[in-house]
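S.K.: Just so it is clear: in the sequence shown, position 327 is 309 by the numbering used here, and no numbers are missing.
I'd like to ask some things about the structure below.
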Amino acid sequence: VMEHFNYLTNVIGPRLSATPAYKRAADWGVIKFEEWGLENAHLESWDFGRGWTLEGLTLEMRSPRYFPLFGYPEAWTPSTDGIVEGLPVYIGDWTTDDLRTRGSELRGKAVLIAQPQEGFIEEDRPQPADYEEQVRIGAPRSLPTQTPADRGTLAQLLHDIGVGAVLRPNQGQHGTIFVLGRDNPETASPTVILASEHYNMIVRMIEAGESVSLRIAIEGQFHDDDTRGYNVLAEIPGADPEIGDEVVMVGAHLDSWHSATGASDNADAVASVMEAMRILEDLGVEPRRTIRVALWGSEEQGLHGSREYVARHLGEDNPDNRQNLSVYFNHDPGTGAIYGWYMEQNAAAKAVFDAWLEPLNDIGTRKNLMDNIGSTDHLSFTRAGLPGFNSLQDYRDYDVRTHHTNADFYERLSEEDLAQAAVVLATFLYHAAMRDEKVPRAPIS
-17 VMEHFNYLTN VIGPRLSATP AYKRAADWGV IKFEEWGLEN AHLESWDFGR GWTLEGLTLE
43 MRSPRYFPLF GYPEAWTPST DGIVEGLPVY IGDWTTDDLR TRGSELRGKA VLIAQPQEGF
103 IEEDRPQPAD YEEQVRIGAP RSLPTQTPAD RGTLAQLLHD IGVGAVLRPN QGQHGTIFVL
163 GRDNPETASP TVILASEHYN MIVRMIEAGE SVSLRIAIEG QFHDDDTRGY NVLAEIPGAD
223 PEIGDEVVMV GAHLDSWHSA TGASDNADAV ASVMEAMRIL EDLGVEPRRT IRVALWGSEE
283 QGLHGSREYV ARHLGEDNPD NRQNLSVYFN HDPGTGAIYG WYMEQNAAAK AVFDAWLEPL
343 NDIGTRKNLM DNIGSTDHLS FTRAGLPGFN SLQDYRDYDV RTHHTNADFY ERLSEEDLAQ
403 AAVVLATFLY HAAMRDEKVP RAPIS
């Protein structure tokens, strides 16, 4: 499993949607599935849009002392017009009217658009498997930067003014930078997310009357030659003549953000899913139902890959396919070992999953929860009225350190955890494929 994980994180690296790196990862997935003997390994594509790759970054304070700044551009940010150098302008205390009347002062300048960041994500979400009582599910509350106007209005005004570069802090600390991005050419300005400690330092220096000079250059490349998104699909065909057309699916999203190598989000899950399929194929299992694997594209931009798959293959105009889907297992939020599953309020399925999970307790599984969880690819299935479940994992250093940050690297995961997850996935896939009945579906409410 670590061979897959190492290749994704260290060899390929960040896998932002519609980039050559993402396509390389998708092609590699097909090659590995074919190499292991899975059948029908192929890519499925859909229209996505252009990709973006960072090609160069200069980020320095030049005076009153030299200081290298720690930051990362937003994805899809436009390049600066050469080097932006000189006195930055702090507008964190400006109003929208100030922006409209004094905007000419910002043209070509580096602009610090937010007040100093004072709130940080300081602890991970509760680990539900650690508690007997119910605990809150989901990520910690976002701590947005405070700006002089709402984000949309501010972005448009800064774009129209023609600022040289936008600087923002974030909700991370200790050098952790939470950075995303989107392709909005009509409103985008060259934007860097700074380490909050560095951003706050610059603002305080300006407010103290210091003459601060910055030097900033962003060089990015947009990829317009291939604007398709890609899913990777492969399967072990069902051997039972009665139910071989029924399908048990497992999936994980292959794409990542750009500021690190997407280790915990989501290369660890991809590696474990791939290893589960390799284990089953290597054992020579002959599942009664077809076991299909999917590595989804563009999850980070809105579950695009899984939504496209469901719309294409499992929509209301494909009643046979809908009926034949037994279950979809998704592997995403969190890190490392699998403790159980979020059961989406499906009590009948929970009884089945509980029986499958209990023999795995000696390798670290704990329990299945009745709760729902959001923001990942199983929602494409559940929203279409299909049975989808997401793994219950650890959140150790996930919310405070790795999730969508510049710190999401190989070192954050362990071989033991990834191997355990692969065994749990392979076990559940096998049970679901061999069971007389399909996995129970929740009653339609």
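For every residue, glycine included, the Cβ atom is placed at its ideal position computed from N, Cα and C.
Please check the pair Asp29 and Arg210, which I expect to be a contact at CB under 8 Å, by giving their CB distance rounded to whole angstroms.
M.R.: Position 47 of the sequence shown, counted from the first residue, corresponds to residue 29. Position 228 of the sequence shown, counted from the first residue, corresponds to residue 210. Yes, they are in contact, since the Cβ atoms of Asp29 and Arg210 sit about 7 Å apart, within 8 Å.
S.K.: Report the rounded CA-to-CA distance for Glu189 versus Tyr72, giving the unit in angstroms.
M.R.: As a first step, residue 189 must be located in the sequence shown, where it is residue number 207. As a first step, residue 72 must be located in the sequence shown, where it is residue number 90. The alpha-carbon atoms of Glu189 and Tyr72 are separated by roughly 9 Å.
S.K.: Suppose the cutoff is 6 Å on Cβ atoms and the five residues either side in sequence are ignored; what does the same chain contact list for Val428 look like?
M.R.: With the chain running from -17 to 427 in the structure shown, residue 428 is simply not present.
S.K.: If we ignore side chains and look at the alpha-carbon of each, how far apart do Leu36 and Asp381 end up?
M.R.: As a first step, residue 36 is located in the sequence shown; it is residue number 54 there, counting from the start. As a first step, residue 381 is located in the sequence shown; it is residue number 399 there, counting from the start. One C-alpha to the other measures close to 25 Å.
S.K.: Our contact map puts Ser280 next to Asp237 with C-beta atoms below 8 Å; I'd like the distance itself, whole angstroms only.
M.R.: The residue you call residue 280 lines up with position 298 of the sequence shown. The residue you call residue 237 lines up with position 255 of the sequence shown. Sure, about 6 Å apart at Cβ, within 8 Å.
S.K.: With DSSP as the reference, label Arg232 as helix, strand or coil.
M.R.: Reading the sequence shown from its first residue, position 250 is the one you call residue 232. One detail in the question is off: residue 232 reads as Val in this sequence, not Arg. It is a strand residue.
S.K.: Suppose you measure from the CA of Asp132 to the CA of Thr77; what does that come to, to the nearest Å?
M.R.: For the purposes of this step, residue 132 is taken as residue 150 along the sequence shown, with counting starting at 1. For the purposes of this step, residue 77 is taken as residue 95 along the sequence shown, with counting starting at 1. Straight-line Cα distance between these residues: approximately 10 Å.
S.K.: Using the Cβ count rule (16 or more neighbours within 10 Å means buried), how would you classify Thr83?
M.R.: As a working note, residue 83 is residue 101 in the sequence shown. Under this definition Thr83 is an exposed residue.
S.K.: I need the DSSP call for Val292, collapsed to helix, strand or coil.
M.R.: Taking the sequence shown and counting its residues from 1, one reaches residue 292 at position 310. Correct three-state label for Val292: helix.
S.K.: Using only the alpha-carbon positions, how far apart do Lys420 and Met325 sit?
M.R.: Here residue 420 refers to the residue found at position 438 of the sequence shown. Here residue 325 refers to the residue found at position 343 of the sequence shown. Between Lys420 and Met325, the C-alpha separation is close to 15 Å.
S.K.: List the whole-angstrom C-beta distance separating Val405 from Val309, where the pair is believed to meet the contact cut-off of C-beta under 8 Å.
M.R.: Taking the sequence shown and counting its residues from 1, the one referred to as residue 405 is at position 423. Taking the sequence shown and counting its residues from 1, the one referred to as residue 309 is at position 327. Not a contact, Cβ separation roughly 18 Å.
S.K.: Does the region 294 to 308 come close enough to the region 243 to 261 to have 3 or more Cβ pairs within less than 8 Å?
M.R.: Not touching, per the Cβ criterion.
S.K.: From Gly38 to Thr158, what distance separates their C-alpha atoms?
M.R.: Within the sequence shown, the letter at position 56 stands for residue 38. Within the sequence shown, the letter at position 176 stands for residue 158. C-alpha separation (whole angstroms): 20 Å.
S.K.: Would DSSP call His(-14) helix, strand or coil?
M.R.: Position 4 of the sequence shown, counting from 1, holds the residue named residue -14. In the structure shown, His(-14) sits in a helix (DSSP, three-state: H, G or I).
S.K.: Which residue from Leu351, Glu201, Thr387, Met187 puts its Cα closest to that of Pro46?
M.R.: Residue mapping note: residue 46 aligns to position 64 of the sequence shown, counting from 1. It is Met187 whose Cα lies nearest to the Cα of Pro46.
S.K.: Taking one C-beta from the region 388 to 404 and one from the region 202 to 209 each time, how about it: are there three or more such pairs within less than 8 Å?
M.R.: In short, these stretches do not touch, since the Cβ pair count stays below three.
S.K.: Is the beta carbon of Ile188 within less than 7 Å of some heavy atom of the ligand MG?
M.R.: This structure simply doesn't include the ligand MG, nor any ligand for that matter.
S.K.: Short check: CB of Leu(-2) to CB of Gly53, under 8 Å?
M.R.: Counting from 1 along the sequence shown, the entry for residue -2 is found at position 16. Counting from 1 along the sequence shown, the entry for residue 53 is found at position 71. No, these two residues do not count as a Cβ contact at 8 Å.
S.K.: What span of residues does the alpha helix (DSSP H) with Gly134 cover, start to end?
M.R.: Taking the sequence shown and counting its residues from 1, one reaches residue 134 at position 152. Counting along the chain, the alpha helix (DSSP H) containing Gly134 begins and ends at 133 to 143.
S.K.: Indicate whether Gly220 and Thr272 have their beta-carbon atoms separated by less than 8 Å.
M.R.: Walking along the sequence shown from the start, residue 220 turns up at place 238. Walking along the sequence shown from the start, residue 272 turns up at place 290. In contact: Gly220 and Thr272 (Cβ atoms closer than 8 Å).
S.K.: Helix, strand or coil: which one does DSSP assign to Ile218?
M.R.: Within the sequence shown, the letter at position 236 stands for residue 218. It is a strand residue.
S.K.: Just the Cα atoms here: how many angstroms apart are Arg150 and Ala293?
M.R.: In the sequence shown, the residue the question calls residue 150 occupies position 168. In the sequence shown, the residue the question calls residue 293 occupies position 311. Their Cα atoms are separated by approximately 38 Å.
S.K.: Tell me, which residues are paired with Asp29 by DSSP?
M.R.: In the sequence shown, the residue the question calls residue 29 occupies position 47. For Asp29, which the question treats as bridged, DSSP gives the partners Arg210.
S.K.: Does His360 come out as helix, strand or coil in the three-state DSSP assignment?
M.R.: Counted from its first residue, the sequence shown places residue 360 at position 378. Note: His360 maps to helix in three-state DSSP.
S.K.: From this set, Glu87, Pro122, Gly74, Glu114, which residue's C-alpha is nearest Gln99's C-alpha?
M.R.: Working through the sequence shown from its first residue, we reach residue 99 at position 117. Of Glu87, Pro122, Gly74, Glu114, the residue nearest in Cα terms is Gly74.
S.K.: Counting beta carbon pairs with one atom in the region 340 to 358 and one in the region 375 to 394, are three or more of them shorter than 8 Å?
M.R.: With the cut-off at 8 Å, the region 375 to 394 and the region 340 to 358 do not touch.
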